[in-house]
Every structure is written in C-alpha cells, then in structure tokens.
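This report concerns only the one structure given below.
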C-alpha cells in the first residue's frame, strides 16, 4: 500500500549552522512518518504561501543583542507587517525550536518573538516552544532531542497513520540531499577558473578584496596564548566602532592533506581535479547557490568542507549505515541513541575531535564513503565575524583585528586548532583575502558627555579599542570613559599596552592582571573595587558594554554591577537588579560574548 502523509514545511534561521543541522535532522526523520516535507532557510521560503501551509516547523537561533540570523531577516521583516490580518494563520499548525545561550539576557529572544508573532496571526501551536541552551553540558541536544521526540508524538496524533501502516525504522537509510554528476577527466578543467574563489560568483555586494599590511604577535613568545594584531588595507570602505569584519577562512594545507590521506588509506580515490556538479533531486532540498556551478574536489577541500567541524549525531547515523563492521555499527548506533548522548559528547565535543579524526577511527565506514556521503557528513565552512579593533578616523586606510589563535591540547595527544584563527595567523604581508563589513551589535553613544563603561577582558577589548580611538580623537574626560581590561600578566599578555600609553589623561583604564598575585583578580573584582567611580557613571544614565568569553564572565560582571548599585547607590538587591534590567531595556547595558 502506497501512502503519503500531509505536507509539512521545515524552515530554519541559522548563523553558525546548528539550526540548519537540526532542521535537516527533522526533515530526515519526517520520512519515517511518510510526511511530504521540504527544508530551506526562512529567507528562501515564499512567504505568500504561508497561509496555505498545513504545518510549519521552524528552528532558529538568536545572535548578538537578541537579533535574528541573516538568513531569516527578510522573512521576519515580512511577517512583522502591520497590515497582516490577525487570522492569517488560523489554519496553520506550527512548532518552534529556538537555539540560544543562557549567558545572554535575551536568551532565545528570536524564537520567543517569532512564536508570539505566529500566535498573534492565529497560528495553532503543536507543542510548547523548545528553548535549547548552548550552555548545557550536552549542548543544544539536551533540549532538542526530547522536543523532537515530542514533536513526532504530537504530529502523529494530529495526522495519524492509516491502519496497517507503521512508522519506518529509526535508523532509516539517509538519502543524499543532492545527486552528483562527476567527471574525472582533466579536459574540462579549463572551464573552471582556478584564480577565483569558489564563492566568487555568489559574493555579497559589499564584499571586497583586502591586502594584509601586518600580522604581529602581541603576547610574549613564551606565553601559552598567541594573540595577533592583524592590519588590513582599507581605502574606501568606511566603518564605525562596533562594526564587524566578516570573512570565510580556507582550510589549512596540512589539514587538507590529512583528510586526503585518511581517504586514500581506506581506498577512497577522488582525484583533486574531479569535476563535480550537484543536482537537486526529489528531496526538496535546494542546492546551495555556491554549488550550482561546476567545482573541483580540490576546491571543495580548500573552501567548502569544514574539516575542523565536530561531528553531530547525523554523522554517526550515516556511518552506521555504510560500515561493514558490526563493532563500528554498534558504536555509531549508540551515539545516535538518546541514551548514548553523554558517551557521544565525551567522544566528540569534550576533546574537540574533528570529522577527519572520526573518519580515521571508523575505517570500515570510511572505505565505503562516496562524494554524496561527504556532503552529508561534512558541513560547509561558515563565515566568521570579528569585531573591528581600529578607528576609521584615526587609523587611516587601515582596519585592525585582534585575534586569539586557538591552539591547545585536550586529552587527545594531538593539538587542537581553530580553523579561522589559524588561517588568519598564517597570513603574511601582501596576502589578499576577500572580506565584507557588517553592522555590529553594540550601539555606542556618540556623545561623551554621557559616561561609558567598557568591560573587555582579553580580545574582548577589540570593539572598545575601536571606540576609544574614535572618541579620544576629540575631547573627552577620563571620568566619562572607563575601561576595565583583564589579562593574566602585565608583561606577557597585556595586548593593549601600547594603546593605553596613548590614552593617558583621556581614559580611565583599570586593569585586572589575574596571575600577578597569589589570589586571582578579575575584571568583576575591579568593578567592585572602583565602585564609587562606577556608580557615579551609572547614576548619570551611563552606558555599560561587555565583551569577551561567555563562560562565567558575563554573569560575574553583572553581579558586580548589582553589588555596586547596592553599596554605592543604597539600593536593595531587588532594586539593584531592577536598575540593571531597566538599563538593558533602554539599551544602556549591552553584552556581546562568545564561547
């Protein structure tokens, strides 16, 4: 008996690829219940069709100060139109899974707003909103897994399968999203311009080529952390404090060689100049714009496949289906089960084990890999954003980045490397890369009669370096511009030492060198120590900006400001918390952190 269930539409708004990964997982699992499903970005979706949908499932992340990802901005703008009738979606059932970070005040803000908006337009929720948290020990999956299980329970209650038809097995063979035509001959190679980037034809309107002017280590050679000040040429592209430089890194040569070596060791032979063309099949998953033209395998290795990516559950599902080793199959199936998530997390996330290392660990699966399989298990390299650390006014024809090079050891013997930071650290003067500018999340006041407090430990100081140079180009008072900076040692990783000397009498720079004394001192301790100065700024309707690592710092800094309000403002704890909340509401307390 041939049966097709109702049509469901799965959409995602994704900044780093996590929401996309979960949306595609939902799309794959929908096949178990015979749903006619499609998956795409929210921007690619034709909003004029929304009222005709049976069921909408949306996975979206939150970025910056509660902002939506780039690939859902167009959708969101259309959905916010006041002219839309309040019963527009009265026949539409919907479900929303949000991905956020609870260290931010506006945790999952985008998903919450979207849920409320669809409700206001008459939509009927299938189940409560899911609010996944990146701060959880098991990451987003801790919430996403049970939410997705519940989604299928609710959908099969709403759209039950006919008598005699059972759901397909959980470990359903994963169908490739796209078909591939390939030509191993070198005759067609002249048709592909090797001088252009893979992304050349799809580059953004504001994308431009910049030249590296300088790339200098700012930390002591014997210090464990390598931080670079990288200067780029910037002649005509105007930027302002808080803006971001966006770039798409290329894989490191040694990593590409390691990847090819793993394939070759297992008998997988894909010549570098193999011509590849992706074709949309009947799976209703559009081919990415960048892959619609012919590309070579070498280009994919250099610019598309993220060889440093940490595999998610879907990878092990694919490997379980192509391995001919029972032992490998059992381990992969364990990793794909709800019970095996802690085990999988210990194998992949904790030691930061990347996809190339996983392929080496599962040789019986790797030997059966095809090009189609590679597209299912290796995500694309996503653009990376960096706060600009220079002033367009002061640093003429230049744009600066402060980059902490990610290189460390886990319980794996091999060193761990961050793709983008190592790509940048390898650049030398004269190298050219393609970049573009993007408005940042910080909204700095331009009038320095209003006090501004900046909290930026480590490379978190980057956007504040830009702002301080911009502001100190004119007249400003150290009472009104206060920087709390933190690092370990005055002589080893004081990365703005030269800058601070230029800011004398214009900025109050208060440093926390955590390892200079027996007990550790952090920026939050310095905020308490200078509580009177801080309170004077806050009671004058001052602004607070915080940037840096999201692990514990943002919450500890927030508690310090609350403590200052209590001690120097004579507020109760409830009043102090409310005081900071009002600042947040008025955009006078802004945070931009990363994990």
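Numbering (the working numbering), first residue to last: 5 to 599.
Just so it is clear, CB atoms sit at the ideal spot from N, CA and C, and this is done for glycine as well.
In the structure shown, residue 438 falls within a strand segment according to DSSP collapsed to helix, strand and coil.
Nearest to residue 508 by C-alpha distance, out of 473, 124 and 570, is 473. Beta-bridge partners assigned by DSSP to residue 420: 412. Apart from the 5 residues on each side of it in sequence, residue 27 sits with its Cβ closer than 6 Å to the Cβ of 14, 16, 43 and 63 in its chain, given in chain order. Per DSSP, residue 517 is one residue of the beta strand (DSSP E) stretching across 512-517. The stretch 452-461 makes no contact with the stretch 415-434: fewer than 3 CB pairs, one atom from each, lie closer than 8 Å. For residue 136, the three-state secondary structure derived from DSSP is strand. Looking only at 148, 131 and 127, the smallest Cα-Cα distance to residue 137 is reached by 148. Measuring C-alpha to C-alpha distances from residue 311 to each of 346, 173, 296 and 364 identifies 364 as the nearest. The Cβ atoms of residue 366 and residue 403 lie no closer than 7 Å to each other. The residue among 184, 218, 162 and 433 with its C-alpha nearest the C-alpha of residue 282 is 184. Comparing C-alpha distances from residue 60 to each of 243, 263, 100 and 346 shows the shortest one belongs to 100. If the five residues before and after residue 233 are omitted, its C-beta is found closer than 7 Å to the C-beta atoms of 220, 222, 404 and 406, all from its own chain and listed in chain order. Just so you know, the alpha carbons of residue 514 and residue 89 end up roughly 54 Å apart. Contact holds between the stretch 535-548 and the stretch 572-582, because three or more Cβ pairs, one in each stretch, are under 8 Å apart. The beta carbons of residue 208 and residue 103 sit no closer together than 7 Å. Per DSSP, the beta-bridge partners of residue 384 are 309. Going by C-alpha positions, residue 446 is about 7 Å away from residue 594. Residue 267: member of the alpha helix (DSSP H) spanning 257-269, first to last residue. Look at the beta carbons and you see the stretch 333-341 not touching the stretch 158-171: under three pairs across the two are nearer than 8 Å.
Here residue 391 is near residue 467, since their CB atoms are less than 7 Å apart. When DSSP reads this structure, residue 401 sits in no beta bridge, so it has no partner. Residue 539 carries a helical assignment under DSSP once its states are collapsed to helix, strand and coil. Sixteen is the threshold: since fewer than 16 other Cβ atoms of the shown chains lie within 10 Å of the Cβ of residue 265, the residue is exposed. Taking C-beta atoms as the reference points, residue 481 and residue 531 fail to come closer than 7 Å. Residue 506 carries a helical assignment under DSSP once its states are collapsed to helix, strand and coil. Straight across, the Cα-Cα distance linking residue 268 with residue 277 is about 15 Å. Excluding its 5 nearest sequence neighbours in each direction, residue 295 has C-beta neighbours in its own chain below 7 Å: 282, listed in chain order.
Each residue's CA atom was taken as its position, placing residue 180 and residue 37 some 18 Å apart. Around the beta carbon of residue 562, 16 or more other beta carbons lie within 10 angstroms, which makes this residue buried. Collapsing the DSSP output to three states places residue 129 in a strand. In this structure, the CA atom of residue 376 is about 7 Å from the CA atom of residue 182. A residue is called buried once 16 or more other Cβ atoms fall within 10 Å of its Cβ, and residue 247 is buried on that count. Excluding five sequence positions before and after residue 538, the CB atoms of its chain that fall closer than 8 Å to its own CB belong to 457, 486, 531, 565, 568 and 572, given in chain order. In this structure, the beta-carbon distance from residue 119 to residue 133 falls below 7 Å. Here residue 306 is buried, its C-beta having at least 16 other C-beta atoms within 10 Å.
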